[in-house]
Structures are given as C-alpha cells and as structure tokens.
Amino acid sequence: MTQQPSNLSATSAAAGVSPAVLAELRSIMGERGLLTAPVDLRTYECDGLTNFRVMPQAVVLAESAAQVQAVVRLCHRERIPFVARGAGTGLSGGALPVADGIVISLTRMNRILEVDLENARVVVEPGVINADVTSRIAAAGFFYAPDPSSQSVCTVGGNVAENSGGLHCLKYGFTTTHVVGLEVILPDGQLVHLGGSALDPPGYDLLGVFVGSEGTLGIATRITLRIVKRAQCVQTLLAAFNGTNDAGAAVSAIIAAGLYPAAMEMMDRLAIEASEAAVHANYPPCGGLLLVEMDGATAEVEANVEQVEALCRSHGAWEIRRAKTAAERTLIWKGRKAAFAAMGRISPDYIVQDGVIPRTRLPEIMDEIATLSDEAGLRVANVFHAGDGNLHPLVLYDARVPGQEAAAERLASRILELCIEKGGSITGEHGVGEEKKFMMSKMFAEPDLETMQRVRCAFDPLHLSNPTKIFPRPRLCGEKGGKYAPHPLETAGVAERF
0 MTQQPSNLSA TSAAAGVSPA VLAELRSIMG ERGLLTAPVD LRTYECDGLT
50 NFRVMPQAVV LAESAAQVQA VVRLCHRERI PFVARGAGTG LSGGALPVAD
100 GIVISLTRMN RILEVDLENA RVVVEPGVIN ADVTSRIAAA GFFYAPDPSS
150 QSVCTVGGNV AENSGGLHCL KYGFTTTHVV GLEVILPDGQ LVHLGGSALD
200 PPGYDLLGVF VGSEGTLGIA TRITLRIVKR AQCVQTLLAA FNGTNDAGAA
250 VSAIIAAGLY PAAMEMMDRL AIEASEAAVH ANYPPCGGLL LVEMDGATAE
300 VEANVEQVEA LCRSHGAWEI RRAKTAAERT LIWKGRKAAF AAMGRISPDY
350 IVQDGVIPRT RLPEIMDEIA TLSDEAGLRV ANVFHAGDGN LHPLVLYDAR
400 VPGQEAAAER LASRILELCI EKGGSITGEH GVGEEKKFMM SKMFAEPDLE
450 TMQRVRCAFD PLHLSNPTKI FPRPRLCGEK GGKYAPHPLE TAGVAERF
C-alpha cells in the first residue's frame with residue numbers, strides 16, 4: 000500500500016511531551032532506553048499497515064515491568080497518550096502511534112521466564128517471539144498451538160492484544176484459548192493479575208476481556224501460556240480442485256462428516272502463483288488448493304486421512320498428495336505462510352483484508368467477490384483459514400495508476416460488508432485497529448458500541464491507552480447520559496475513506 004499521511008490530528012487532550020517529561024522518562028529508562036531523534040522515531044511510525052503513519056514524540060524501550068509501570072504512571076499523571084508495541088507486524092494499524100504521545104516498545108522484554116512441563120505451562124514476557132516458545136519446548140514433545148503466518152517474527156504480547164489465530168486454530172483455538180494468566184499494567188499504572196495458572200478461576204472473566212482488546216485496556220507484562228503435547232501422528236495432504244467453489248464444498252463435507260482437522264487452508268490460483276514464485280512449494284497449478292492436516296493417534300489419523308481424501312475426490316479433486324517426510328510437510332506450510340508477503344511478486348501494491356463468514360456460504364461469497372473484482376477492474380487473490388470461515392482476500396492494485404488505490408480501498412471495504420451480510424464478521428484475527436473502526440458501526444448498533452465502551456472506560460477513563468483505535472466515535476467516559484462524542488484525539492473527516 001502507498002504511504003499516506005496520518006489521519007490523526009496533531010492536537011490532543013495532552014499538551015504533548017514536554018522537555019521536563021522527557022527528562023523524567025530519561026531518568027526512568029536511561030539513555031539506551033529512550034528514543035527522541037526523528038531518524039529513530041521513523042522506525043515506529045506505523046505497523047504492517049503502512050498507509051497510516053504517525054511520528055510519536057518519543058519511544059521508550061522497556062526492559063522490565065517496573066519500567067513499563069513507571070512510564071505509564073507518568074503518562075497518567077501528565078495525561079499523555081501511549082501505544083504499546085511489539086514487533087509491529089499487525090495489519091490493521093493497531094500499533095499506530097499518537098502524534099502527541101509515546102510508544103512503549105516491549106521487544107526487549109523477551110525472556111521465557113518459566114517452563115513447567117508437568118503442568119503444561121510456560122511463562123513469558125510480552126516481547127518473546129511466538130515461534131521461540133515452541134522451539135524452547137519442542138525437545139520435550141510440546142508445542143504452542145497459535146501459529147500466525149508471522150510467527151517467526153511476531154511477539155506473544157502482540158498476539159494477546161489481537162487474539163491472533165493461525166493455521167492450526169481450527170482444532171486448537173485462538174490465543175485466548177492458550178492464555179491462562181496475565182500480569183497487566185492498567186492505564187493508571189496499577190499492576191494487576193488476571194487469571195492464573197489454573198483454568199477458569201472464579202469471578203468475572205477479565206482475562207477474556209483483556210485478550211483481544213488491542214492495547215486499549217492496558218499493557219500485558221507477563222503472560223502464562225498453556226502448551227500442548229505433540230500428537231503421536233501428523234499427516235498433511237494437499238488436494239487440487241478446478242476452483243474454490245469445489246474446494247469449499249469439500250471443506251463443508253469434511254466438517255459435516257465429523258472430521259476435525261488440525262488445520263484446513265485454501266488458496267486460489269493467484270495466491271498459488273505468488274507463493275510459488277516466492278517459495279517454490281511445488282503446488283499444482285489449479286483454481287483451488289486445499290491443505291489439510293490431521294493429527295492424533297496413528298490409527299485414527301490414517302483412517303481420517305483416507306476419509307478426507309475420498310471426500311475431496313467426490314467433490315472434484317483431481318490431484319491429491321500426502322507429505323511423505325517432515326521436510327515436505329514444512330514446505331507445504333511454508334508456501335501457505337508466505338502467501339501475504341509473496342503478493343509483491345505479482346503486484347506492486349495490495350491490501351490484506353480479514354473477514355469471517357459461515358463456511359457453508361463460502362461458494363456464494365467467492366462468486367460475489369469475483370463479481371466485485373470484475374466491476375472494479377482489480378484482481379483479488381484469496382487465502383483462507385477455510386475450516387473456520389476466516390477469509391483473507393488480497394486486493395491487488397498499482398498506486399501509480401490514478402484512482403486505483405481508492406478503488407482498492409472501496410473494494411476491500413465492500414468485501415467486509417459482504418461478510419457482515421452473510422452473517423460473519425469484519426475481522427477474524429487481524430483486529431479492528433485504525434483501519435476498520437468505521438466498519439464497526441456497520442456491524443454493531445449504537446447500544447452495542449456504547450456497552451463495549453463502558454468496559455473500556457472502566458479500565459481507562461482518561462482514554463490514554465491506544466486511544467484512537469477500534470471505535471468510530473470514542474465515548475467520553477463519565478459523560479452524562481453516556482452519549483458518544485468525538486474524543487480530543489479523534490480525527491475529523493476520516494469517515495470519508497469509507
């Protein structure tokens with residue numbers, strides 16, 4: 000996507016970060032822990048969604064929960080907005096800075112603090128890379144199930160903020176299924192503990208409220224994860240179909256048969272073309288490619304894989320391959336995980352979208368996406384977490400052609416509207432962030448949005464923690480009658496994008 004100026008205003012409820020505050024930050028963080036030079040701040044002006052860019056006034060590189068707490072207390076005292084940031088791999092602008100605020104980077108908090116194999120728990124700091132958790136415990140036969148495509152670089156703290164999914168979320172669940180405890184710095188600087196090592200503690204499920212809150216309720220500084228014993232047998236196969244409709248029908252048949260794959264992914268012709276150019280996974284050239292992984296006891300997996308193959312053939316699969324070795328299985332999934340980044344091989348610019356539909360409606364929405372694509376004169380590549388109906392349409396365009404970027408944004412938004420119309424959602428795992436907040440009013444009524452913001456206000460009445468994200472019209476906490484009103488950090492005129 001092309002670089003655009005930020006849609007955040009340069010004014011806020013805070014007066015900005017004064018020299019006195021910078022001096023206090025320096026005393027907390029030390030010289031190595033505070034960035035203020037424009038050349039250093041430029042690194043933090045956006046996340047993986049690069050068409051929104053904002054320069055923060057400062058970045059702190061936290062190394063401990065104590066430092067995070069001290070910085071947040073200072074921000075609360077001085078009414079300075081702050082945005083927590085991990086690796087910056089998010090795709091919805093969730094880590095976009097605030098112009099008069101600071102960024103609290105957590106990447107230096109990257110220690111695995113405890114490994115408890117007997118209780119299947121691992122305790123980590125938020126800056127730990129997702130894939131490093133499994134690397135640490137693999138020799139003991141365990142793994143950490145949530146595996147986003149960016150798992151080699153994304154952080155666990157960012158996964159908690161966005162409730163990230165991944166290829167194996169169909170069977171094993173999203174991040175929220177695997178987070179059992181959190182140490183959190185609230186927006187006023189209080190340190191609290193949500194959940195613990197045990198499942199389902201008594202009281203309100205504040206842990207569930209926090210996971211997926213996109214950094215708007217505070218900052219997680221210590222995370223207790225549930226890990227999973229690796230299955231006795233894993234079988235991965237790919238099936239080639241003439242088109243995504245046939246592949247989608249096979250997906251529905253597999254689930255209807257009572258089979259529950261560990262992962263079930265789909266790619267269309269354009270996605271295959273891009274991935275092959277980047278990774279050379281040796282995918283067959285087809286209109287719809289289904290990747291299925293079954294795991295469990297050996298006899299059960301063998302029987303289930305044979306049933307999956309039969310169902311795929313009955314729905315038009317003309318080639319089916321099983322991975323014979325671990326290396327072949329790794330290559331199959333490498334091609335799928337490379338799909339987003341590989342789009343640069345076939346298009347100079349693209350928008351990564353993220354929506355959800357009931358999986359039984361996959362054929363009809365694919366037909367409608369194709370119609371919209373033809374009407375807009377733009378190509379759309381499609382990658383799916385097919386088993387749970389999570390779509391990732393990639394709208395391809397060339398920003399050098401006048402009008403194409405605006406047309407691509409309209410098409411991406413229309414696809415999300417289709418998801419809502421089909422009984423789905425505007426996001427499955429990428430979050431709402433900055434990009435989709437004006438779509439929230441298309442999905443929820445005003446009373447629903449107000450109820451959500453009452454929760455936000457309970458955690459952050461001053462709207463300091465990632466203040467401009469998720470909601471199209473932030474609610475001023477404590478306002479009589481609970482009415483919506485523009486927050487001082489909110490931008491005028493952004494709704495015209497949609």
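In terms of numbering that gives the first Met the number 0, the sequence shown opens at residue 0 and continues consecutively.
Every residue, glycine too, gets a C-beta built ideally from N, C-alpha and C.
Between the beta-carbon of residue i and the beta-carbon of residue j, is there less than 8 Å?
i    : j    : result
A444 : Q352 : no
A405 : L377 : no
P125 : G100 : no
S251 : G354 : no
L371 : I419 : no
E44  : V58  : no
Y396 : D366 : no
L193 : L237 : no
T297 : Q231 : yes
L24  : V70  : yes
L105 : T35  : no
G92  : G157 : no
P18  : P55  : no
V379 : I364 : no
T42  : V122 : no
F142 : R229 : yes
D459 : L90  : no
For residue i, which residues in the same chain have their Cβ closer than 6 Å to its Cβ, ignoring the five residues on either side in sequence?
i    : result
F173 : N162, G164
P485 : Reliability fails at P485, whose pLDDT of 46 lies under 50, so the model's placement of it is uncertain and no value is given.
S151 : A130
A64  : T220
Y483 : Model confidence at Y483 stands at a pLDDT of 44, short of 50, so the residue's coordinates are unreliable; what they give is reported in the following sentence. The answer, listed in chain order, is R472, R474.
R110 : E124
V20  : E77
In chain order, what residues of the same chain have a beta carbon less than 7 Å from the beta carbon of residue i, not counting five sequence neighbours either side?
i    : result
G87  : D46, G47, A94
E117 : none
V191 : V183, L185
A375 : A406, L410
K336 : S148
F470 : K436, M439, L448, Q452
By the three-class DSSP mapping on this structure, what secondary structure does residue i have?
i    : result
M124 : Here the sequence assigns Glu to residue 124, which means Met is not the residue at that position. Coil, per DSSP.
K436 : helix
I350 : strand
Y396 : strand
I345 : coil
L463 : coil
Q403 : helix
I271 : helix
K482 : Note on K482: pLDDT 47, under 50, position unreliable in the model; no value is reported.
V53  : coil
E290 : In the sequence as presented, Glu is not what sits at residue 290; that position holds Leu. Of the three classes helix, strand and coil, the one that applies to L290 here is strand, per DSSP.
A12  : Its pLDDT being 37, under 50, A12 is placed unreliably by the model, and nothing is read from it.
K333 : helix
S17  : coil
G194 : strand
K228 : strand
Q68  : helix
R320 : strand
T243 : helix
S26  : helix
T220 : strand
N281 : coil
E62  : coil
Q452 : helix
A457 : helix
Q306 : helix
When burial is assigned at 16 or more other CB atoms within 10 Å of the CB, is residue i buried or exposed?
i    : result
L206 : buried
D199 : exposed
Y203 : exposed
A494 : For A494, the pLDDT reaches just 34, beneath the cut-off of 50, and the residue's location in the model is therefore unreliable, although a value from the coordinates is still provided. Per the 10 Å Cβ criterion, exposed.
G430 : buried
E428 : buried
Q452 : buried
T235 : buried
V498 : Missing from the structure shown is residue 498; the chain here goes from 0 to 497 and no further.
N465 : buried
L112 : exposed
A491 : Note that A491 has pLDDT 36, beneath the 50 cutoff, so the model's placement of it is unreliable and the number below is only indicative. Exposed, by the Cβ-count rule.
V304 : buried
Skipping 5 residues on each side, what residues in its chain have a beta carbon closer than 8 Å to that of residue i?
i    : result
N241 : C285, G286, G287, G315, W317
M0   : With a pLDDT of 38 at M0, under the threshold of 50, the predicted position of this residue should be treated as unreliable, though the coordinate-derived value follows. Taken in chain order, the residues that qualify are L48, T49, N50, D348, Y349, I350, A398, E404.
P362 : T243, N244, G247, A248
What are the uninterrupted segments assigned as alpha helix (DSSP H) that are 4 or more residues long and contained completely in the region 96-168, given in chain order?
129-136, 155-161
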